[in-house]
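Taking it in order: structure first as structure tokens, then the write-up.
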């Protein structure tokens, strides 16, 4: 039980330190802004580790983080194969296709007010639907390999991007468009120099929503049939064969991949939309 | 003439025409999607089809097959196990498993989609309630405590970049090990996980919406913290709350269905999709998908109505 006692002490100590830091005069500095949430995360891990040890939880139910870390390091090769299969082949390729298709479609329907009025509510409706359900249909159409996973991702990604891009293309106001007209700019020039850049904050908003959806789609589709690799495959077989530590290692990979993917998009957003008020310091 | 037509009718015209076009594309797409299955079936029934044997046909494009066997195309519109069912087939299946069964008084039979939609709806609402409460409590903590803001907010964002489906089987194993037999609990946890974030973000924005001068005014009235929360911050956050509730309920439904898919659940719309996949009955999958879409539509429009009602009661313009 002393482990649990230590966990509680550590938690209280970390919280006290965080409280002090958050109210100290260094609270605005970058170091503190990273240190405080990091300490919170470490405290959570310590509580997890010590509760598993203290209450003697069977590793079949919940392995300690240290055990998961050991498994992670020991099975790097398997994790890498699964990562390539699910994230790179399934999620990223589907993401690229879906995003491209969504943006192109939005530009196309934006030319017609009638189409925009018709498609926007429908697109909004589709964006709220549980589209993951099409996973078995896509596996049926495109086979077990990564193509079906990419197809699910394309369908999931398409509508949020479409809706956000259409909204973004309307963001440039009449005054700015008139200015372009006085420059005698054509449709394409206006599109590339004014309207697409003005739409970027909206497009990135959609991209950020969609990064997680892409991973969810790729993993769920693997539950419906996959070659003998992939994160979804490993998780569903791992649960069945009680190798829970490997499942948690896969979850860690999924978490890292998801966070990195999101971070990449956020970084790109900062670069592309540096002019937007929300990005200014 | 056009002035006599109310605005909402005029806004329906483009939506309906786009829907018609989408339906037409769907109908046309059925022919190439189903031609192979139709040819296999026709061949088994003894008809003469141009390249014989489905193995030979695998290498020939669907367009070529349709040109060579124009008589079989119509067969693709009436298959028991189509690759792509027609809208009419999906509609029939949907009616057969909802309206028709309800009229026979068997709405709660295990084969009725109403029963499965009800199971899914229950978990969704539990998850929604749990997620919304967590989101609101978290938002209050973040708005009132700087340390909570600094420690919780980054993790809330990170939590949404973790694909929850990876955790779904684990949540089910864990809750069954902890002696929770009900399958509803893990589903509700997953849907709460997806649903709390939009509520949290929306509420943080909403609770911070009153500006300094309004907060100062309440201070001059000698209002307590609780009073300024109840009379200023909470009402100011309501529009934000409803907007994020609409996102949240859709996310909660996605969460429930995701929770039903990989877990071997036996009831619920996600389970219907899973069972339809295992037994090779695509019509059941499509009907369950459409039922889920209808459910999502109903839930979101319900909240939309509530939002309008609340806004009117509070004297806000919609």
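Residue numbers (this note's numbering), protein chains in the order written: chain H, 510 to 790; chain P, 65 to 382. Glycine included, every Cβ here is placed at the ideal spot set by N, Cα and C.
7 Å Cβ shell around residue i - same chain, five flanking residues per side excluded
i	result
residue 577 of chain H	754, 757, 758 and 761
residue 653 of chain H	734, 735 and 736
residue 697 of chain H	none
residue 474 of chain H	Within the shown structure, residues of chain H are numbered from 510 to 790, placing residue 474 of chain H beyond reach of any answer.
residue 541 of chain H	530 and 535
residue 98 of chain P	140, 143, 146, 147 and 148
residue 651 of chain H	657 and 660
residue 514 of chain H	none
residue 134 of chain P	none
residue 548 of chain H	523, 526 and 527
residue 166 of chain P	178
Residue closest to residue i, alpha-carbon to alpha-carbon, out of the options
i	options	result
residue 204 of chain P	P:100, P:330 and P:298	P:298
residue 595 of chain H	H:514, H:774, H:776 and H:661	H:661
residue 232 of chain P	H:605, H:549 and H:728	H:728
residue 139 of chain P	P:103, P:210 and P:263	P:103
residue 224 of chain P	H:749, H:719, H:684 and H:539	H:719
residue 589 of chain H	H:739, H:775, H:772 and H:780	H:739
residue 216 of chain P	P:265, P:238 and P:313	P:265
residue 531 of chain H	P:211, P:273 and P:355	P:211
residue 512 of chain H	H:556, H:526 and H:537	H:556
residue 350 of chain P	P:377, P:250, P:146 and P:121	P:146
residue 261 of chain P	P:109, P:313, P:117 and P:338	P:313
residue 706 of chain H	H:679, H:548, H:725 and H:527	H:679
residue 561 of chain H	H:516, H:521 and H:695	H:516
residue 238 of chain P	H:579, H:636, H:571 and H:773	H:571
residue 325 of chain P	H:620, H:545, H:689 and H:639	H:639
residue 151 of chain P	P:303, P:91, P:285 and P:254	P:91
residue 184 of chain P	P:371, P:373, P:86 and P:322	P:322
residue 114 of chain P	P:93, P:137 and P:94	P:137
residue 274 of chain P	P:88, P:296 and P:352	P:296
residue 722 of chain H	H:567, H:669, H:732 and H:528	H:669
residue 704 of chain H	H:616, H:601, H:522 and H:537	H:616
residue 676 of chain H	H:684, H:649 and H:625	H:625
residue 209 of chain P	H:785, H:623, H:786 and H:524	H:524
residue 681 of chain H	H:726, H:628 and H:619	H:619
residue 213 of chain P	H:518, H:636, H:545 and H:785	H:545
Contacts around residue i, its chain only, beta-carbon distance under 6 Å, and the 5 residues preceding and following it disregarded
i	result
residue 256 of chain P	191, 194 and 195
residue 179 of chain P	172
residue 714 of chain H	673
residue 606 of chain H	663
residue 598 of chain H	655
residue 382 of chain P	Its pLDDT being 46, under 50, residue 382 of chain P is placed unreliably in this model, and the value from its coordinates should be taken loosely. So the qualifying residues of the chain are 372 and 375.
residue 573 of chain H	558 and 561
residue 202 of chain P	264
Cβ shell of residue i (< 8 Å), same chain only, five flanking positions each side left out
i	result
residue 569 of chain H	751 and 753
residue 283 of chain P	292
residue 118 of chain P	100, 103, 104 and 107
residue 96 of chain P	126, 127 and 130
residue 763 of chain H	724, 728 and 740
Expected contact under 8 Å - CB spacing of residue i and residue j to nearest Å
i	j	result
residue 317 of chain P	residue 359 of chain P	6 Å
residue 633 of chain H	residue 663 of chain H	In fact, because the Cβ distance is near 19 Å, the residues do not count as touching under 8 Å.
residue 674 of chain H	residue 712 of chain H	5 Å
residue 301 of chain P	residue 270 of chain P	3 Å
residue 176 of chain P	residue 251 of chain P	About 20 Å; that fails the 8 Å criterion.
residue 362 of chain P	residue 309 of chain P	Incorrect: roughly 14 Å between the Cβ atoms, too far for contact.
residue 644 of chain H	residue 717 of chain H	No, residue 644 of chain H and residue 717 of chain H are not in contact; Cβ-Cβ is about 23 Å, not under 8 Å.
residue 219 of chain P	residue 603 of chain H	About 28 Å; that fails the 8 Å criterion.
residue 667 of chain H	residue 610 of chain H	6 Å
residue 642 of chain H	residue 353 of chain P	5 Å
Closer than 6 Å: residue i CB and nearest the ligand ZN heavy atom
i	result
residue 242 of chain P	Absent from the structure shown: the ligand ZN. Ligands present: none.
Against chain H: residues of the segment 323-348 of chain P by CB proximity under 8 Å
325, 326, 333, 334, 337, 338, 340, 341 and 346
Pull out every residue of the segment 752-767 of chain H whose Cβ sits closer than 8 Å to any Cβ of chain P, in chain order.
753, 756, 757, 759, 760, 763, 764 and 767
Name, going along the chain, the residues of the segment 707-734 of chain H whose beta-carbon falls closer than 8 Å to a beta-carbon of chain P.
720, 721, 724, 725, 728, 729, 732 and 733
Quick one, which residues of the segment 769-782 of chain H are near chain P if we go by CB-CB under 9 Å, in chain order?
769, 770, 771 and 772
Please list the residues of the segment 649-680 of chain H that have a C-beta atom closer than 8 Å to any C-beta atom in chain B, keeping them in chain order.
Any reference to chain B falls outside this structure, whose protein chains are H and P.
Using a Cβ-Cβ cut-off of less than 8 Å, give me the residues of the segment 626-637 of chain H that come near chain P, in sequence order.
626, 627, 628, 630, 631, 634 and 637
Which residues, in order along the segment 247-276 of chain P, keep a beta-carbon less than 7 Å from a beta-carbon of chain H?
none
Which residues, taken in chain order from the segment 123-155 of chain P, show a beta carbon closer than 9 Å to some beta carbon of chain H?
147 and 148
Could you run through the segment 279-290 of chain P and flag, in chain order, every residue whose CB is less than 7 Å away from some CB of chain H?
none
Quick one: which residues of the segment 689-701 of chain H get their C-beta closer than 7 Å to a C-beta of chain P? List them in chain order.
none
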